[in-house]
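Using the numbering used here, the first residue of the sequence shown is number 1021, and each one after it goes up by one. Note that beta-carbon positions come from the ideal geometry of N, C-alpha and C, so glycine has one too. Let me begin by presenting the structure, written as structure tokens, before commenting on it.
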Amino acid sequence: MEIKIAKHAGFCFGVKRAIEIVDNLIREKNKSQNIYSVGAIIHNENVINEYKKNGMIIIDEDEAKKLKNEIVIIRTHGIEKDIYDLLIKNNNKVIDLTCPYVKKIHNLVIEYDNKNYNIIIIGDKNHAEVKGIVSYATKAVSVISDEKDIENLKISRDLKTVVFFQTTSNIKKSKKLVDILKKLFYNCLVVDTICKVTFDRQNEVYELSKNSDVMLILGSSTSSNTKKLYDISMSNCERSYLINDVESLKNLDLSNVNILSICTGASTPNELIEEIVLHARAKF
Ligand code: SF4
């Protein structure tokens, strides 16, 4: 059996940066001191459980509003502006790990909101990143994820329109939506804000899955970017699996496999790839 590992697998740039900063913070902190994180800093249960053992407390947005004089981490995909402002006002030490790709969209939203554009975001309206992005506008922002959402759009035709994307959007699906929007709205400005990591991984998974008997997408099923990689993989290879540990590999049927390919979500460490490869080689 040949095992192919995607070139773009492992932690992404934003997650690597966040992990390095949090590791240092935990190493240097006083043992009795807690560090609060508004939501999980990354979508990886194993990493988060280790941090919890070392004094990290994961809180939700409502709990964050009550914090005073604490150390608070902002996750890679950001939080809503009013909560951020309140954390600062309440004298917390805020360690902002919002990925620069996400920050860039916050700034674009501020800029085009000031210019009085209609703002459309292609993404999942319930995802924390999108809620954060929307919160940087003073006027209503439309979030769409399919054609039905476009039919229901209620925006002024008198204003110019700008479209941004959630960083982990599905490239092919988003492109279809953009084509429709451009026909509907004259002078519709489209700013591609899908992060480079997402772009590279989705393309690589698409190509790998065309010629693989089995595709393994390693990562958490709660991770938006990982689920999208899995969907893309499934479109070419029906023996695609989303797994997060070696135990799950043991339950898979890997008979009659000539080529097994592996890619990961952005919050999956290289160590898991190594473990999976070792196990696959030993067993199959
Ligand atoms: S997936 Fe992209 S946007 Fe999200 S943390 Fe990684 S680099 Fe940043």
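Measure how close the beta-carbons of residue i and residue j come, nearest whole angstrom, since I'm counting them as under 8 Å.
i: I1142; j: S1189; result: 6 Å
i: S1253; j: S1287; result: Rounded, the Cβ-Cβ distance is 17 Å, inconsistent with contact.
i: C1283; j: A1026; result: 4 Å
i: I1296; j: V1266; result: 6 Å
i: K1279; j: E1083; result: The residue asked about is misnamed: residue 1279 is Ile in this sequence, not Lys. The pair is not a contact, with the Cβ atoms about 47 Å apart (cut-off 8 Å).
i: S1240; j: N1064; result: 6 Å
Let me check one thing: in DSSP terms, what residues is residue i bridge-paired to?
i: K1113; result: I1091
i: F1185; result: I1142
i: Y1056; result: I1077, V1092
i: V1297; result: DSSP lists no partner for V1297.
i: M1235; result: S1260, S1281
i: K1024; result: S1281
Only counting the same chain, and skipping five residues up and downstream in sequence, which positions put a Cβ closer than 6 Å to that of residue i?
i: F1185; result: I1142, S1194, T1213, I1214
i: L1173; result: S1162
i: D1273; result: none
i: K1180; result: Y1137, N1207
i: C1119; result: G1034, T1096
i: K1101; result: S1155, Y1156
i: L1209; result: V1182
i: Q1222; result: I1191, I1252
i: I1125; result: I1153, F1184, T1213
i: N1290; result: G1030
i: E1081; result: I1103
When you compare each of the options to residue i by their alpha carbons, which one comes out closest?
i: K1145; options: A1157, S1275, S1165, P1289; result: S1165
i: K1216; options: E1224, V1210, L1209; result: E1224
i: I1099; options: E1227, K1123, K1113; result: K1123
i: L1269; options: Y1132, K1303, E1048; result: K1303
i: S1134; options: E1167, I1170, V1182; result: First, the amino acid is wrong: residue 1134 is Asn here, not Ser. Measuring from the Cα of N1134, the nearest candidate turns out to be V1182.
i: N1231; options: S1281, K1247, K1196; result: S1281
i: K1203; options: E1083, N1127, I1170; result: I1170
i: I1140; options: I1108, L1117, A1148, F1205; result: F1205
i: S1176; options: E1167, I1191, K1168, K1159; result: K1159
i: K1168; options: D1178, H1147, L1197, R1037; result: L1197
i: F1219; options: L1201, N1245, V1210; result: N1245
i: Y1056; options: I1068, E1291, N1064; result: I1068
i: V1129; options: S1275, R1037, Y1226, V1211; result: V1211
i: L1106; options: S1275, K1085, I1191, I1263; result: K1085
i: Y1132; options: I1153, E1081, A1148, E1040; result: I1153
i: S1243; options: D1199, A1148, S1275; result: A1148
i: A1300; options: H1126, L1201, S1275; result: S1275
Less than 7 Å between C-beta atoms, sequence neighbours within five positions excluded: which residues of the same chain meet that for residue i?
i: N1111; result: K1088, N1089
i: S1260; result: S1229, M1235, I1237, Y1250, S1253, M1254
i: V1042; result: I1061, Y1071, I1093
i: K1151; result: E1100
i: L1045; result: I1055, I1115
CB-CB under 8 Å to residue i, same chain, minus the five flanking residues each way: which ones, in chain order?
i: N1020; result: Given a span of 1021 to 1304 for the chain in the structure shown, any question on residue 1020 remains unanswerable.
i: K1113; result: E1090, I1091, V1092
i: K1049; result: I1055, G1075, I1091
Got a sec: is the Cβ-Cβ distance from residue i to anything in chain B below 8 Å?
i: C1257; result: Going by chain labels, chain B is absent from the structure shown, which holds only one protein chain.
Practice problem: Note down, one range per segment and in chain order, each alpha helix (DSSP H) of at least 4 residues found wholly within the stretch 1245-1293. | Solution: 1266-1270
Quiz item: Residue ranges of each beta strand (DSSP E) run of no fewer than 3 residues wholly in the stretch 1153-1178, ordered along the chain?
Solution: 1161-1164
Quiz prompt | 3 or more residues per run - each beta strand (DSSP E) lying fully within the stretch 1192-1233 | solution = 1208-1210
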